[in-house]
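Peer 1: Residue numbers (UniProt numbering), protein chains in the order written: chain A, 1 to 455; chain B, 1 to 455. What follows is a single structure, and I will ask about it in a moment.
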């Protein structure tokens with residue numbers, strides 16, 4: 001059996017990459033490695049994907065679907081003998097269907113390309129995240145990506161109306177539904193959203209678009225307590241009349257580090273115990289944000305606030321929130337976490353994690369920010385010289401079990417978090433995941449070893 | 001083996017109903033039959049549900065989970081030897097969790113009881129439908145119920161954060177997640193939402209509540225064409241700034257029949273080619289609805305409109321839309337359909353169905369209404385004396401395949417629509433449903449014969 005030769009027969013010689021063309025690629029955004037794999041196969045059609053899957057399944061080969069390889073949990077990681085399946089040549093974006101507010105796209109199209117296609121039709125594809133230029137639609141569906149607008153529009157799952165998926169044995173499962181309501185039997189696509197390529201290879205999708213919600217208004221706010229953060233959220237949600245699109249929290253360590261090291265100007269003069277970035281999308285966005293800020297003042301929740309006067313200023317507020325690159329710059333090791341937990345536990349969880357981290361590693365630094373409205377916090381930890389990744393994982397993850405938190409809010413499990421899955425899922429849940437995996441991929445051909453402890 | 005005696009040991013003698021206590025029950029809202037079953041078992045706890053499932057699974061008995069038995073597709077139908085599992089004693093509603101906006105409930109609680117619990121905390125459980133007083137939360141989850149507010153809040157699937165499910169073999173699968181974002185492995189609850197009791201028995205749920213959206217404003221509108229209905233929808237969606245909660249269409253045959261036979265006053269003086277009921281929920285609802293109606297006038301989309309001046313008048317508008325009982329009254333047979341299709345095909349589909357129906361049965365009458373914004377139409381057909389149910393099914397369902405429609409928008413497949421599933425699902429999809437069924441219920445213990453052609 002000459003695997004490379006056989007795959008070449010399916011996709012052509014230019015589309016089976018080996019040697020340096022493999023090792024030049026990174027398999028993950030963080031931690032990034034040079035890819036090792038037997039080869040990277042780049043099909044052009046669903047039929048080719050089906051033939052590749054059937055070939056691998058029949059020959060006991062591991063097939064790892066890859067999108068933009070911008071994940072943070074190692075879901076696209078390959079071992080030396082694995083076959084990487086890149087959907088980078090399947091990038092077709094069909095014209096927007098204006099009447100049904102849908103768009104059909106191939107899985108390899110980037111998130112940004114889809115956003116732009118929607119925008120050109122004066123519509124919105126509401127999923128947005130920092131890696132928009134390289135993350136693919138297939139990857140965002142396979143990981144059920146979140147991002148900055150979940151509060152208003154939901155996660156990627158909520159945008160997917162139809163999917164075409166290739167199963168491990170090569171079966172093409174076409175569920176290209178375009179309807180908002182369709183209760184004709186099981187909603188199979190739900191199984192594949194968030195399954196990180198372990199149950200099927202997403203090749204095509206029908207996505208839901210939204211009407212443009214009008215103008216955006218943005219405010220950067222300083223507050224004196226976490227209670228005030230939660231109270232202001234309740235107030236903003238009530239007063240913005242469904243138009244609140246983002247409510248992002250930043251701890252001062254985060255703002256200080258980003259503003260101090262990066263190319264930013266602080267929107268507020270003094271320092272505060274906590275910061276919040278609010279965005280409202282509405283035809284009356286300016287009036288609504290003024291009203292929220294005024295009410296917040298009157299109730300004593302806000303210490304200081306800056307409302308963006310133009311798009312440039314709004315972008316400069318977001319640039320602080322989004323500047324993870326500055327936070328991660330330098331040669332020191334960086335650990336990035338993505339957790340969710342009930343809002344009422346956030347303050348005590350972070351305080352106690354900070355204390356424990358300090359006991360374990362005197363020089364460790366932690367920067368906290370996130371989508372507080374969704375219960376989702378991101379932690380960037382610089383452990384310094386003596387920090388063990390595993391020990392810090394334990395400090396972060398283990399306390400989540402008792403408070404009903406999740407070890408992955410939006411990044412997925414991949415390879416990195418697999419051994420902590422039991423903190424967020426019961427044994428019966430993990431067993432049922434394995435049952436599902438065996439039903440759809442009995443030979444464990446697709447992305448083996450990811451998500452579940454046994455697969 | 002004495003089945004009734006064995007089940008009595010699990011739930012007590014009062015909770016295994018036989019004989020007349022079974023036949024007094026109806027198994028469906030329409031078409032309603034007196035229930036036939038070996039017995040009805042009424043567990044009080046999840047542990048009892050688990051013991052019952054394990055017993056049935058071990059002894060080759062069919063177990064049919066039942067909620068309020070208000071379904072319209074025969075999903076709760078039992079055969080004489082089946083065991084009906086009623087969750088009517090599991091009705092606990094835990095206190096609302098205000099910080100996370102969630103509520104935990106047992107599956108047998110009625111939809112109305114959950115709505116009222118939310119409302120008492122000044123919050124909203126947004127799923128609403130006519131059978132609210134008897135439909136249970138478990139039943140609405142098992143069928144992924146839709147209703148009048150899907151446009152703004154989504155279907156039942158979008159309200160479910162966590163589920164506790166008992167599998168066929170008695171395994172208790174507890175996924176009582178309370179977080180909006182949780183990507184820790186497969187989102188297993190998605191498999192059970194809309195599976196109509198064929199994959200597991202839903203015993204408990206964590207539901208998402210919403211802030212009260214303020215006041216409601218309602219308008220009853222007459223229009224001269226279906227194009228105007230679609231254009232007014234686009235206009236209302238854009239101008240109402242995310243606050244449009246209902247956009248219901250009614251054909252004149254529907255309005256005439258309900259107003260003529262029922263106890264209603266027509267909101268408009270003259271008759272129109274089509275009618276629309278709009279509802280906006282917002283702190284500024286009155287201003288927004290006036291604005292929508294004024295813009296509609298100015299663009300020539302609206303022929304006549306009545307804006308409700310008080311809650312009583314709004315209720316009287318809704319009473320027309322909801323009065324299916326008047327439409328179904330009398331001894332003539334009635335067939336009720338629930339389909340979805342792209343909005344652009346609605347007019348030609350209904351016109352052509354009307355023509356075909358008339359060719360087949362000169363005296364047949366059809367009344368059309370529905371959630372046009374969601375692509376969902378309901379048809380009430382009075383075939384008259386000589387109409388065959390099967391023939392009318394074929395007239396309604398077969399044309400949907402070519403236009404990407406669904407034979408079930410929100411009522412499910414149950415028993416009634418099983419043989420038309422292929423109109424809305426491919427062979428690979430149906431095969432995958434069967435694979436899933438076999439993985440979770442290999443002996444086909446739970447609700448056998450429902451949803452899929454083979455199970």
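C-beta: ideal position from N, C-alpha, C; glycine also.
Report the three-state DSSP secondary structure of residue 376 (chain B) (helix, strand or coil).
Peer 2: strand
Peer 1: So what does DSSP say about residue 365 (chain A), is it helix, strand or coil?
Peer 2: strand
Peer 1: Starting from the beta carbon of residue 440 (chain B), find every residue of chain A whose beta carbon is closer than 9 Å, and list them in chain order.
Peer 2: 432, 435, 436, 439
Peer 1: Would you mind working out which of B:361, B:335, B:125 sits nearest residue 148 (chain B), comparing C-alpha positions?
Peer 2: Selected option, being the one with the closest Cα: B:125.
Peer 1: So, helix, strand or coil for residue 349 (chain B), using DSSP?
Peer 2: helix
Peer 1: Just reading off the beta strand (DSSP E) that residue 413 (chain B) is part of, what are its end residues?
Peer 2: Where residue 413 (chain B) is concerned, there is no enclosing beta strand (DSSP E), given that its DSSP letter is neither H nor E.
Peer 1: Which one of B:318, B:386, B:388, B:390 has the shortest CA to CA distance from residue 371 (chain B)?
Peer 2: B:318
Peer 1: Along the stretch 340-356 of chain B, where does the CB come closer than 8 Å to a CB of chain A? Name the residues.
Peer 2: 340, 341, 342, 343, 344
Peer 1: Please tell me whether residue 188 (chain B) has its Cβ less than 8 Å away from any Cβ of chain A.
Peer 2: Chain A, which has a Cβ nearer than 8 Å to the Cβ of residue 188 (chain B), makes this yes.
Peer 1: Can you give me, in chain order, the residues of the stretch 118-144 of chain B that have a beta carbon less than 9 Å from any beta carbon in chain A?
Peer 2: 143, 144
Peer 1: Going by the beta-carbon positions, is the gap between residue 62 (chain B) and residue 448 (chain B) smaller than 8 Å?
Peer 2: yes
Peer 1: With a threshold of 8 Å between beta carbons, is residue 446 (chain B) in contact with chain A?
Peer 2: no
Peer 1: Quick one: grab the DSSP three-state call for residue 44 (chain B).
Peer 2: Secondary structure of residue 44 (chain B) (DSSP, three-state): coil.
Peer 1: Taking only the alpha-carbon atoms, compute the straight-line gap between residue 455 (chain B) and residue 161 (chain B) and give it to the nearest angstrom.
Peer 2: The predicted position of residue 455 (chain B) is uncertain, since its pLDDT is 44 and thus under 50; a value taken from the coordinates is nonetheless stated next. Using only the alpha carbons, I get a separation of about 28 Å.
Peer 1: Under a CB-based cut-off of 8 Å, is residue 32 (chain B) close to chain A?
Peer 2: no
Peer 1: Would you give the residue range spanned by the alpha helix (DSSP H) that residue 397 (chain A) belongs to?
Peer 2: 389-402
Peer 1: Within its chain, find whatever has a CB closer than 6 Å to the CB of residue 152 (chain A); leave out the 5 residues flanking it on each side and keep chain order.
Peer 2: Result list for residue 152 (chain A): 245, in chain order.
Peer 1: Is the stretch 129-137 of chain B close to the stretch 56-71 of chain B, with three or more CB pairs under 8 Å?
Peer 2: yes
Peer 1: Return no unless some Cβ of chain B is closer than 8 Å to the Cβ of residue 368 (chain A).
Peer 2: no
Peer 1: Let me make sure I understand the geometry here. Which of A:450, A:331, A:6, A:34 has the alpha-carbon closest to that of residue 19 (chain A)?
Peer 2: A:34
Peer 1: As a quick exercise: from B:108, B:376, B:115, pick the residue whose alpha carbon is nearest that of residue 102 (chain B).
Peer 2: Scanning B:108, B:376, B:115 for the CA closest to the CA of residue 102 (chain B) turns up B:115.
Peer 1: Hey, quick one: how far does the beta strand (DSSP E) through residue 65 (chain A) stretch, first residue to last?
Peer 2: 63-66
Peer 1: Which residue or residues does DSSP assign as beta-bridge partners of residue 205 (chain A)?
Peer 2: According to DSSP, residue 205 (chain A) bridges with A:105, A:163.
Peer 1: Where does residue 21 (chain B) land, buried or exposed, given buried means 16+ other C-beta within 10 angstroms?
Peer 2: exposed
Peer 1: Closer than 7 Å between beta carbons: that is the criterion. Which residues of the stretch 414-428 of chain B meet it against chain A?
Peer 2: 421, 424, 425, 426, 428
Peer 1: Under the rule that 16 or more other beta-carbon atoms within 10 Å means buried, what is residue 348 (chain B), buried or exposed?
Peer 2: exposed
Peer 1: Taking C-beta pairs closer than 9 Å, name the residues in chain B that residue 248 (chain A) reaches, listed in chain order.
Peer 2: Those do not exist, as residue 248 (chain A) stays about 14 Å from chain B at its closest Cβ, beyond 9 Å.
Peer 1: Could you say which of A:365, A:300, A:344 lies nearest to residue 328 (chain A) if we only look at CA atoms?
Peer 2: A:365
Peer 1: Checking 8 Å against the spacing of the C-beta atoms, do residue 201 (chain B) and residue 150 (chain B) come in under that value?
Peer 2: no
Peer 1: Taking the alpha-carbon positions, what's the residue 451 (chain A) to residue 191 (chain B) distance?
Peer 2: 18 Å
Peer 1: Quick check: the Cα distance between residue 89 (chain A) and residue 213 (chain A), rounded to an integer number of angstroms?
Peer 2: 33 Å
Peer 1: With distance defined between alpha-carbon atoms, name the residue in B:198, B:204, B:180 nearest to residue 91 (chain B).
Peer 2: B:204
Peer 1: Can you pull the DSSP bridge partners for residue 370 (chain B)?
Peer 2: B:249, B:377
Peer 1: In the stretch 175-238 of chain A, which residue ranges form an unbroken alpha helix (DSSP H) of at least 4 residues, counting only runs that do not cross its ends?
Peer 2: 189-192
Peer 1: State the Cα-Cα distance for the pair residue 105 (chain B) and residue 286 (chain A), rounded to the nearest angstrom.
Peer 2: Straight-line Cα distance between these residues: approximately 40 Å.
Peer 1: Please state if the CB of residue 339 (chain B) and the CB of residue 380 (chain B) are separated by a distance shorter than 8 Å.
Peer 2: no
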